[in-house]
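Residue numbers (UniProt numbering): 1 to 1106.
For each residue, glycine too, the CB sits at the ideal point set by N, CA and C.
These numbers were taken from a predicted model, which means no experiment stands behind them.
Encoded as structure tokens, the structure appears first; notes follow it.
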Amino acid sequence: MVAAFEKQKTTAEIAGILKTLYHGGNGLGSVSAWYAEDGIHLSHGKSVRYDRSAQVISWESAAERIGELLESGQFASNVELAEAAGYERSLLSAKLWYLYHDFSEEAREAGYLSCLSEIKGNGFPEETRLLTEQLSDPAFRQTLKEEYAAFWTAYQQDRDLLRFHYHRPREIWENLKDLDLPRRTFSSDLSQVPTVQHFITEDEIDAAMTGGSSFAGGKGRIYAFFMENHTDKEKVRFLKDEYGIGGRSHALSGATHSGEDHDGKGLHYKKQDCPDVHLNWEKVAKRITSLVQKGRYLSEQEQAQYDKIQAEKELAEEDAIQAQQPEVEEKTPKPTLREQFEQYKPVVTAAISEDAAYRNACGHSDRENAVVEGNAAVRRAVLGSKDMELIRLYSDVPEFRQRLHREVIDETYPKLHELLRPLSQEDIDTALCAWNGNIESKYAVVRYMKDHAREKDTAAWLAQEYGSSNSPFVVRTGSPEETQLPWMKVQRRLAQLIQEDRFYTEEEQDRFDNIDPIAIREALEERGIVNGQVADPEKLDNDPFIQRVMSDAEQIAAAETEQTSEVSISDEEYDAVRSPIPQRTSYDPAAPVYAVGDTVYIEDAAYQITELRDDTVQLLPTGMVYPIYRAERKEQFEQLLRADRRNAYYTEFLPIDPDKADQDLRDVLAHGLMDEADKQQISTLLQSGRSNSEIAYWLSRAYSGEIETLNLETGDIADYRTTAQGMELEVLDAEEKRLAVLYFRWDEVAPLLRGMYARQLDGFGQERPEPAAESPAFHSETVAVYPGEKNNLPYDVVVERLHIEEPEPPAPVTEPEKTFEEVLEEHPVSIQVNGQWQTFPNAKAAEEASYEEYKANLRRNAQNFRITDEHLGEGGPKAKFQANINAIRLLKNLEAAGQQASPEQQEVLSRYVGWGGLADAFDPEKPAWASEYTQLKELLTQSEYAAARSSTLNAHYTSPTVIQAIYEAVGRMGFETGNILEPSMGVGNFFGMLPEEMRNSRLYGVELDPVSGRIAKQLYPKADITVGGFETTDRRDFFDLAIGNVPFGQYQVNDKAYNKLNFNIHNYFFAKALDQVRPGGVVAFVTSRYTMDAKDSTVRRYLAQR
């Protein structure tokens, strides 16, 4: 609404917008409202919809009044006003994102909306956020409008550019143009709109009841029952049976946070910010009786339909009575049930084949949804047939009804699905390859396209050759979908198919008599062969195919020569051949995954493992002139290995320590999901050298779709469910109270199984003797002898030739029927991602997409961290240093994986205290801090190190005790909620200590140090945090409270707007914060004593004047 007024829309236009935004009813204070076609109905009390004395405000008057409220600053809060334009852009970015991701392959190849292809992120939330920011750039909007206009024009000519057609191109175009309209601005002193007590109106309850039960046809059954003469108890019993136990969302006025639940006690209604309403079945029965009697239960259209059905029923009953009268003539024998089924089945089949809802489901949904719509269509067809015998059979004979549903849907769905589903590229290619059914014509097409594929007249020639020069190429005959291709598109696609050798079908290629003799003769002539004779040897030799064959033959011959030739070797080479080559035996549980001398990649740098100890790994960066060693705990080292894909050789065989894994998961795996045969199979796979990815794939195939319950060793209960992506555990206590819901992907389970196998735990693994290494056999042959006496030497010289025989290769390991890679390549996987079904080329790609969605959900559901430890940050310098190191390592791991910190990880991050008072750690001349100095240089990038070192001058950690005292003072000043700014936030302890009564405030933070700022973003994901200097931000008169511990120091900040003041850094923060806070706001900073105690009163005078 604010955006509409900012763009200065007319009153009529805004009135039309109001009709779409307001619907249903609302209870505010003591007034009820109902939003109707003619305007807003208002009345005191809990009902207004049918109150003839109610005040009616037309939508035009409502638009004018909203404009007045905006002018006076009473319609929206300052935050809503500030974010209105951005919200409008975010709505448009969502529409554009969905449109762009529904592009067909043809649209993508044509490059439509290419400016959107440059916006890349982790799915919908991040990409729409980036697009929203881009839409604020006039140059980008101009480019987007030009590209969108080109796309829209093309789409009007070729609807195949989109896979789905629910988008509203004109609306998107109007929204785009609106962004360039001149805007006026509104202001408000409200931090939030004054709250009013809401309630659920009687009108909303009545409207919800007229929706009927949750079952199809429920409303009609309820109305018919209440139109009959029944007692109150019978009505109550009927309603209980009809409604059953269940519920639905959006039940009241379509509100998002509203719902209806029904059980054995009655109906229960909920709506956000409103007291719940509970009605027992006696009250429900009375209300429905009243609605039926007053003619308000059915709409006018529903009433007309009901009256029509009743009239038809009465007529049918009269016919039935007449049919029962004795007849003189002999009655015909009554048909059997089978004969009646065969009679009515074609009638129903024809009817549902034309049912719009069923046809839409067949064409654009999966079979499961289509069956649901099909069942509803069958019911509609039977009831709409007006055939009383069919209706009787359907209602009274379950066998008839069930068989009718089953056979009609089984017959119609495949045909309708094939006829109505959206065209794929494969459909188009199949139709083109079928051509006109004449193989001679296909030969002619191939020959013609060879020389004329790019000419403009080729499209007309193809149409003439096909036999349809006056109409487009029909892909799917008989389909109502747009399934025709212009001949220009046919020309382009045929050229591709012919070039890729896909124009002829496999059957045509297999039939020898379908070889095109003309094409063969032309091909041979190109290679220098005429009439079976080599007429041009040079042309034949220069043919690429002949050259490739000759090259392969030469390579094979060379390889055979190398294998058979005899070589002379030195003693050292001979010893190396004879000594056993160390290999990792895949079935040995104790075999190390990595060893001294291996090269690994950590934090994008190459390291060589120089030493392995019980719990640490010593590393040396490769290529260093002066070696600086790095030591990592094994657990941390393996986490770092997993962060770089170049370490896959090691990480694919890394186990997880079973003692450190989730014990509930381990219990379910060992005693629930897997029996002894499964454990033996997994042990065999591990013994044969299978990687973690291969084990994960085996698990996804073996355990998808299982749902079981297990009594855990802890005494708790675990309900677990498996899918192709992983397994979910719901842990309940003995009273079935939920304790936790855990989810594990199969690629997380596989390393745990490897760890259990390596430790021989829970029935995994089996010791096997290690096979002896086979030494290569050899024999020698004397080539020459040089006697010592002839050469004046004290010894003879004997030259021998050694012949090394290859040992027998080990017996091949029995492999599955197909290799793992072959199975992955041959089985695409479809899963739901962001609410939409998507197909991926293999299971690994699907798992990665599912994992990305899982991480996105974590980010969306992340909560701000809450500090509860009053001793947070306490400890000596070394303890604080270690807390910082732990936090930074965790931060880098999270960022490498693209993850949002969990509550447990936020606890680790919160212990980061910055570098104030830890200057010794940055001094290479301090022997006591040499180890810490080395860790910092290795852990931080060059820019991060520089920023951290500079922060030792002015970074000061604020304890929870001090923060709590400041908030108490601010509360006594009258601050309750609003926009809060922390301009030098560190990791955000002021946000973590925000009192409960201020929870509704919006949080904004600024932090110069990149590490601190990134940790703050992980700790407070719902806050708006800028990683940069305070001098780079400017939101004047926007905040209600500025709070924090500002930097201290006798130096200045380069901010053009404040340079003339010559204030030191702590005083600069005061000066700028005062301009950022609106009149009446509060600035509460911890600062240096020189702010108020300095001999020079310039700063104090400046502050007092503001």
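Legend entry - For F32, three-class secondary structure by DSSP: As a working note, residue 32 is residue 32 in the sequence shown. In the sequence under discussion, the amino acid at residue 32 is Ser, which differs from the Phe named in the question. If DSSP states are grouped into helix, strand and coil, S32 belongs with the strands.
Legend entry - Coil, strand or helix - D1096 by DSSP: Position 1096 of the sequence shown, counted from the first residue, corresponds to residue 1096. Under the three-state reduction of DSSP, D1096 is assigned to coil, being neither helix nor strand.
Inset, instruction - Tell me Y720's beta-bridge partners as DSSP assigns them. - result: For the purposes of this step, residue 720 is identified with residue 720 of the sequence shown, where counting begins at 1. Per DSSP, E708, L729.
Inset, instruction - Spatial neighbours of A557 within its chain, please: CB distance less than 7 Å, with the 5 preceding and 5 following residues excluded, ordered by chain position. - result: Along the sequence shown, one-based indexing puts residue 557 at 557. Its pLDDT being 49, under 50, A557 is placed unreliably by the model, and the measurement read from it follows with that caveat. Taken in chain order, the list of residues that qualify is empty.
Legend entry - Simplified DSSP assignment, three categories, for Q74: The residue you call residue 74 lines up with position 74 of the sequence shown. Coil.
Inset, instruction - Report the three-state DSSP secondary structure of Q197 (helix, strand or coil). - result: Taking the sequence shown and counting its residues from 1, the one referred to as residue 197 is at position 197. In this structure, Q197 counts as coil in the three-state DSSP scheme.
Inset, instruction - Compute the Euclidean distance between the alpha carbons of R168 and L91, then round it to the nearest angstrom. - result: Taking the first residue of the sequence shown as position 1, residue 168 is located at position 168. Taking the first residue of the sequence shown as position 1, residue 91 is located at position 91. Each residue's alpha carbon lies about 13 Å from the other.
Inset, instruction - Along the alpha helix (DSSP H) that carries K456, what are the first and last residues, could you check? - result: The residue labelled residue 456 in the question sits at position 456 within the sequence shown. It is not in any alpha helix (DSSP H) - K456 carries neither H nor E in the DSSP assignment.
Inset, instruction - Identify the continuous beta strand (DSSP E) that holds Y607 and give its terminal residues. - result: As a position in the sequence shown, residue 607 is number 607, starting the count at 1. 605 to 612 is the span of the beta strand (DSSP E), which, as asked, contains Y607.
Legend entry - Member of K1056, K1022, V1082 whose CA lies at the smallest distance from the CA of D1040: Looking up residue 1040 in the sequence shown gives position 1040. The option with the nearest alpha carbon to D1040 is V1082.
Legend entry - Outcome for F922 when other beta-carbon atoms lying within 10 angstroms are tallied against a minimum of 16: Mapped onto the sequence shown, residue 922 falls at position 922. Buried is the call here.
Legend entry - Alpha carbon of E907 to alpha carbon of K937, nearest angstrom: Start at 1 with the first residue of the sequence shown, and residue 907 comes out as number 907. Start at 1 with the first residue of the sequence shown, and residue 937 comes out as number 937. Taking the CA atoms as reference points, E907 sits about 25 Å from K937.
Inset, instruction - From the DSSP output, in three-state form, read off residue 1136 for me. - result: Absent from the structure is residue 1136, since the part of the chain shown begins at 1 and ends at 1106.
Inset, instruction - Mind reading off the beta-carbon distance from F653 to V593? Whole number of angstroms is fine, and I expect it under 8 Å. - result: Here residue 653 is taken as the residue at index 653 of the sequence shown, counted from 1. Here residue 593 is taken as the residue at index 593 of the sequence shown, counted from 1. Sure, about 5 Å apart at Cβ, within 8 Å.
Inset, instruction - Less than 8 Å between the CB atoms is what I'm expecting for N57 and I40, so what's the real figure, rounded? - result: For the purposes of this step, residue 57 is taken as residue 57 along the sequence shown, with counting starting at 1. For the purposes of this step, residue 40 is taken as residue 40 along the sequence shown, with counting starting at 1. Per the sequence shown, residue 57 should be read as Ile rather than Asn. Rounded, the Cβ-Cβ distance is 5 Å, consistent with contact.
Legend entry - Burial state of N989, where buried means 16 or more other Cβ atoms lie within 10 Å: Here residue 989 refers to the residue found at position 989 of the sequence shown. Under this definition N989 is a buried residue.
Legend entry - Whether L298 touches D206 by CB criterion (9 Å): As a working note, residue 298 is residue 298 in the sequence shown. As a working note, residue 206 is residue 206 in the sequence shown. Result no, Cβ atoms of L298 and D206 do not sit closer than 9 Å.
Inset, instruction - For G971, count neighbouring Cβ atoms within 10 angstroms of its own Cβ and tell me buried if that reaches 16, exposed if not. - result: Indexing the sequence shown from 1 puts residue 971 at position 971. With fewer than 16 Cβ atoms within 10 Å of its Cβ, G971 is classed as exposed.
Inset, instruction - Given a cut-off of 9 Å, decide if R646 and I695 are closer than it, judged by their beta-carbon atoms. - result: For the purposes of this step, residue 695 is taken as residue 695 along the sequence shown, with counting starting at 1. For the purposes of this step, residue 646 is taken as residue 646 along the sequence shown, with counting starting at 1. In this structure, R646 does not lie closer than 9 Å to I695 by Cβ.
Legend entry - CA nearest to the CA of K233, picked from M985, N280, T1087: Along the sequence shown, one-based indexing puts residue 233 at 233. Selected option, being the one with the closest Cα: N280.
Inset, instruction - May I have a chain-ordered list of the alpha helix (DSSP H) segments no shorter than 4 residues that lie completely inside the segment 100 to 163? - result: Listed in chain order, the complete alpha helix (DSSP H) runs (minimum 4 residues) inside the segment 100 to 163 are 105 to 110, 114 to 117, 124 to 134, 138 to 157.
Inset, instruction - Report the residue from V408, A631, V1046, A376 whose alpha carbon sits nearest the alpha carbon of V348. - result: Within the sequence shown, residue 348 is the residue found at index 348, counting from 1. Residue V408 is the option with its Cα nearest to V348.
Inset, instruction - Please report the residue range of the alpha helix (DSSP H) in which I205 lies. - result: Taking the first residue of the sequence shown as 1, we reach residue 205 at position 205. Where I205 is concerned, the enclosing alpha helix (DSSP H) stretches over 202 to 209.
Inset, instruction - May I ask you to report which of helix, strand or coil DSSP gives E260? - result: Position 260 of the sequence shown, counting from 1, holds the residue named residue 260. Strand at E260.
Legend entry - Exposed unless 16 or more other CB atoms sit within 10 angstroms - verdict on V1046: As a position in the sequence shown, residue 1046 is number 1046, starting the count at 1. Burial call: buried.
Inset, instruction - Sort T709, G876, D457, R642 by Cα distance to D747 and report the nearest one. - result: For the purposes of this step, residue 747 is taken as the residue at position 747 of the sequence shown. Measuring from the Cα of D747, the nearest candidate turns out to be R642.
Inset, instruction - Check whether the Cβ atoms of R630 and P621 sit closer than 9 Å, and answer yes or no. - result: Counted from its first residue, the sequence shown places residue 630 at position 630. Counted from its first residue, the sequence shown places residue 621 at position 621. Yes.
Legend entry - Assigned exposure category for K270 - 16 Cβ within 10 Å defines buried: Within the sequence shown, the letter at position 270 stands for residue 270. Result: buried.
Inset, instruction - Could you name the residues that DSSP lists as bridge partners for V277? - result: Translated into positions along the sequence shown, residue 277 becomes position 277. V277 is bridged to Y269.
Legend entry - Beta-carbon gap between N78 and N864 smaller than 9 Å: Translated into positions along the sequence shown, residue 78 becomes position 78. Translated into positions along the sequence shown, residue 864 becomes position 864. In this structure, N864 does not lie closer than 9 Å to N78 by Cβ.
Inset, instruction - Rounded to whole angstroms, what's the CA-CA distance from E848 to A724? Just pull it up for me. - result: Reading the sequence shown from its first residue, position 848 is the one you call residue 848. Reading the sequence shown from its first residue, position 724 is the one you call residue 724. So the two alpha carbons sit approximately 12 Å from each other.
Inset, instruction - Rank V1053, A1057, R999, F991 by C-alpha distance to the C-alpha of G1044 and give the top, closest one. - result: Locating residue 1044 in the sequence shown gives position 1044, counting from the first residue. Selected option, being the one with the closest Cα: F991.
Legend entry - Cβ distance (whole Å) where T11 is taken to contact E88 below 8 Å: One-based indexing of the sequence shown puts residue 11 at position 11. One-based indexing of the sequence shown puts residue 88 at position 88. At roughly 19 Å, the Cβ-Cβ gap does not stay under 8 Å, so T11 and E88 are not in contact.
Inset, instruction - Note the first and the last residue of the continuous beta strand (DSSP E) segment covering R421. - result: Along the sequence shown, one-based indexing puts residue 421 at 421. No residue range can be given for R421, since it is assigned to no beta strand (DSSP E) and is classified by DSSP as neither H nor E.
Legend entry - Presumed contact (8 Å Cβ cut-off) between G123 and E852, rounded CB distance: By one-based count along the sequence shown, residue 123 stands at place 123. By one-based count along the sequence shown, residue 852 stands at place 852. Right, their Cβ atoms sit about 6 Å apart.
Inset, instruction - Quick one: residues in its chain with C-beta nearer than 7 Å to the C-beta of Q1076, no 5 flanking neighbours on either side, listed in chain order? - result: Along the sequence shown, one-based indexing puts residue 1076 at 1076. Within the same chain, Q1076 has close Cβ partners L981, R1035, R1036, F1038, F1039, A1042.
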